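As structure tokens, the structure follows; a few thoughts come after it.
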Amino acid sequence: MSDTRIRLRVRSADGREHAFPVSATDPFQGIMQRYAEVTEQDQAGIAFTYEGTRLLSTSTPHELKMSDDDLIQAETAPEPDRQDS
């Protein structure tokens, strides 16, 4: 596959959107990192989903058959359960 560029939108729970041009074959890690920087959040605290499925940082838009203007949801990731001893 050639290096196809697409624009993906990332929307937060409060409805704010940011658009990022990406290569369809680049892992999501790049867009996740850029979104965290733009929104001044810790990337580890954000859950990214597409069509209800949580995105892996190693997956690519091509693998998910994404195209221009597809929407990724970004929400605060749930805190892991902590056992107090």
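Counting along the sequence shown from 1, when you hit position 39 you're at 39 in our numbering, and nothing is skipped either side.
Built from N, CA and C at the ideal position, the CB exists for glycine as well.
Everything numeric in this text was worked out from a predicted model, so none of it was measured.
Contacts around residue i, its chain only, beta-carbon distance under 8 Å, and the 5 residues preceding and following it disregarded
i	result
Met1	Caution applies to Met1, whose pLDDT of 47 falls short of 50 and renders its modelled position unreliable; the value that the coordinates give is listed next. The answer, listed in chain order, is Ala24, Thr25, His62.
Thr76	Ala13, Gly45, Ile46, Ala47
Asp42	Ala36
Arg5	Pro21, Val22, Ser23, Ala24
Met66	Ile6, Leu8, Ala24, Tyr50
In DSSP terms, what residue i is bridged to
i	result
Thr12	For the sequence presented, residue 12 should be read as Ser rather than Thr. For Ser12, which the question treats as bridged, DSSP gives the partners Ala74.
Ser23	Arg5
Cβ-based burial, residue i [other Cβ within 10 Å; buried from 16]
i	result
Val38	exposed
Ala47	exposed
Ala74	buried
Leu71	exposed
Three-state secondary structure (DSSP) of residue i
i	result
Glu40	coil
Close beta carbons around residue i, own chain, < 7 Å, minus the five adjacent residues each side
i	result
Leu64	Tyr50
Asp3	Ser23, Thr25
Contacts around residue i, its chain only, beta-carbon distance under 6 Å, and the 5 residues preceding and following it disregarded
i	result
Glu17	Arg9, Arg11
Asp68	Ile6, Arg7
Segment contact, 8 Å Cβ cut-off, at least three pairs: the stretch 52–62 with the stretch 25–36: yes
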